[in-house]
Each structure stands twice: as C-alpha cells, then as structure tokens.
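The sequence shown begins at 1 in the numbering used here and counts up one residue at a time.
In this text, a Cβ means the ideal position worked out from N, Cα and C, and glycines have one as well.
Computed from a predicted model, the values in this text were never measured in an experiment.
A short write-up of the structure that comes next.
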Amino acid sequence: MIILIGSQKGGCGKSTTCVNIASELVRQGNDVVLVDANRQGKSSNWISDRNSAGELDTIHSIQKFDNIRETLLDLKARYDYVVVDTAGRDSREVLTGMTAADVILVPFRPSQPDLDR
C-alpha cells in the first residue's frame, strides 16, 4: 500500500505525520520503506538517526525526486507499505506520487485560511 502525505503548505506536519506512520507500521511488524520526496530531507534524516540508534526495527528510506510514480509502484511490489513525504508546494513529486498512491493524507493546521482552501 502506498500512503502519500502531501499539502501545498509548508510547516503543517507532513514530515512528522510521515515518520510517525512509518514508525507505527514497523512496530506492528510490517516491512516499510519511507520515500522522502522533499528536498529538505527531514524525514530521511530522522529515519537515519532512528536507525543508527539500533534499538528499534529498521525503517528503509530512500530519497527520490521529480517523477516518482514508477519508483513507488516498484517499491509497492517489494514492501508491505510505502510511506511518501512530499514538499510543501505544488510539485512534480506530489502530482506523480498521487497517481500511484492508494491513500493520500493532507495534514493542515486548523486555522481559518487553511479551512477556506
């Protein structure tokens, strides 16, 4: 299953949501890969730090940019879950990732401008 976390707004919790979902899925015994399609690399950095601690089950992580559709479909065939973190803007990664995703989550802060969109 491919779970894509995306939003046009930065700072709304996409990376935090992504790593928490991936961590919980691994804790439940699933084989998980996190695809960091955000050039800031927050999710992959967090996963690297988590994995180097050596105390928890490993979460696989890659960085992929531009057209990510085929990569996601390939990973879906090899992992139980593919969790995708995208940048906080309208990007090629979001658009191509959405065409492969089984589930799309759009986190937002509950402020009036966010609710009006």
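Cβ-based neighbour list, residue i, same chain, cut-off 6 Å, excluding 5 preceding and 5 following
| i | result |
| --- | --- |
| residue 18 | 5, 43, 83, 85 |
| residue 46 | 19 |
| residue 68 | 37, 93, 96, 97 |
| residue 76 | 2, 82 |
| residue 73 | 100 |
Beta bridge counterpart(s) of residue i as assigned by DSSP
| i | result |
| --- | --- |
| residue 63 | 36 |
| residue 25 | Partner(s): none; residue 25 has no beta bridge. |
| residue 5 | 85, 105 |
Start and end residues, beta strand (DSSP E) containing residue i
| i | result |
| --- | --- |
| residue 86 | 81 to 86 |
Residue i, DSSP secondary structure in three states
| i | result |
| --- | --- |
| residue 105 | strand |
| residue 30 | coil |
Residue i: first and last residue of the uninterrupted alpha helix (DSSP H) it sits in
| i | result |
| --- | --- |
| residue 72 | 69 to 76 |
| residue 56 | That residue, residue 56, is in no alpha helix (DSSP H); it is neither H nor E in DSSP. |
| residue 98 | 92 to 98 |
For residue j and residue i, believed in contact at Cβ under 8 Å, the rounded distance
| i | j | result |
| --- | --- | --- |
| residue 105 | residue 3 | 7 Å |
| residue 33 | residue 61 | 7 Å |
Close beta carbons around residue i, own chain, < 7 Å, minus the five adjacent residues each side
| i | result |
| --- | --- |
| residue 64 | 35, 37, 71 |
| residue 41 | 63 |
Min CB distance residue i to chain B below 8 Å
| i | result |
| --- | --- |
| residue 107 | Absent from the structure: chain B. Only one protein chain is present. |
Close-in-space but distant-in-sequence residues of the same chain around residue i (CB under 8 Å, 5 per side omitted)
| i | result |
| --- | --- |
| residue 103 | 1, 2, 3, 4 |
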